[in-house]
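Below: the structure, in structure tokens.
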Amino acid sequence: DRQFCDRGTQYRAAIFYHDAEQRRQAEESRQALEQSKPFQEPIVTQIVPATAFYPAEEYHQDFYKKNPVRYKFYKYNCGRSQRLEALWGPSSAGHRRP
94 DRQFCDRGTQ
104 YRAAIFYHDA
114 EQRRQAEESR
124 QALEQSKPFQ
134 EPIVTQIVPA
144 TAFYPAEEYH
154 QDFYKKNPVR
164 YKFYKYNCGR
174 SQRLEALWGP
184 SSAGHRRP
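If you read the sequence shown in the working numbering, its first letter stands for residue 94, the second for the next number, and so on.
Structural data, given as structure tokens:
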């Protein structure tokens with residue numbers, strides 16, 4: 094129930110699937126990641142059927158664009174960029190959405 098510094102059930106990771114093939118692919122992907130062991134702790138991402146989706150409130154949308162300084166401090170203080178770089182290489186730490 095966390096992602097970097099963020100804690101709580103609202104930060105729980107999940108993969109949502111629409112059909113049996115998507116579920117199979119999600120389980121296969123999770124299993125491959127578990128076997129590669131990039132993390133010290135077990136992967137707890139749930140794989141669950143997709144249900145109704147509700148977008149977040151507008152002030153949550155594109156937070157990193159609307160609050161660039163605040164987001165930069167968040168990333169640095171949580172060690173997010175450093176952890177992503179350690180796991181996936183230098184290009185991942187500075188990743189930005191298109």
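Virtual Cβ for every residue (Gly too), placed ideally from N, Cα, C.
Note that the structure is a prediction, hence the values are computed from the model and not measured.
Practice task
Could you give the DSSP three-state label for Phe97: helix, strand or coil?
Solution key: Residue numbering aside, residue 97 sits at position 4 when the sequence shown is read from its first letter. Note: Phe97 maps to coil in three-state DSSP.
Problem - Val141 - containing beta strand (DSSP E), residue span - result: Indexing the sequence shown from 1 puts residue 141 at position 48. From DSSP, the beta strand (DSSP E) with Val141 extends over 139–142.
Exercise for the section: List the whole-angstrom C-beta distance separating Tyr110 from Ile136, where the pair is believed to meet the contact cut-off of C-beta under 8 Å. Expected result: On the sequence shown, residue 110 is found 17 positions in, with the first residue counted as 1. On the sequence shown, residue 136 is found 43 positions in, with the first residue counted as 1. Contact between Tyr110 and Ile136 does not hold, since their C-beta atoms are separated by about 16 Å, which reaches or exceeds 8 Å.
Practice task
Out of Ala107, Ala179, Gln128, state which residue places its alpha-carbon closest to the alpha-carbon of Ala119.
Solution key: Translated into positions along the sequence shown, residue 119 becomes position 26. Among Ala107, Ala179, Gln128, the Cα nearest to that of Ala119 is on Ala107.
Problem - CA nearest to the CA of Glu134, picked from Asp94, Glu178, Gln175 - result: Stepping through the sequence shown from its first residue, residue 134 is reached at position 41. Among Asp94, Glu178, Gln175, the Cα nearest to that of Glu134 is on Asp94.
Problem - Of the residues Arg173, Tyr104, Glu121, Asp112, the one placed nearest Thr144, counting alpha carbons only - result: Numbered from its first residue, the sequence shown carries residue 144 at position 51. Measuring from the Cα of Thr144, the nearest candidate turns out to be Asp112.
Problem - Limits of the unbroken beta strand (DSSP E) element including Ala107 - result: The residue labelled residue 107 in the question sits at position 14 within the sequence shown. It spans 107–110 - the beta strand (DSSP E) in which Ala107 sits, taken as one unbroken run.
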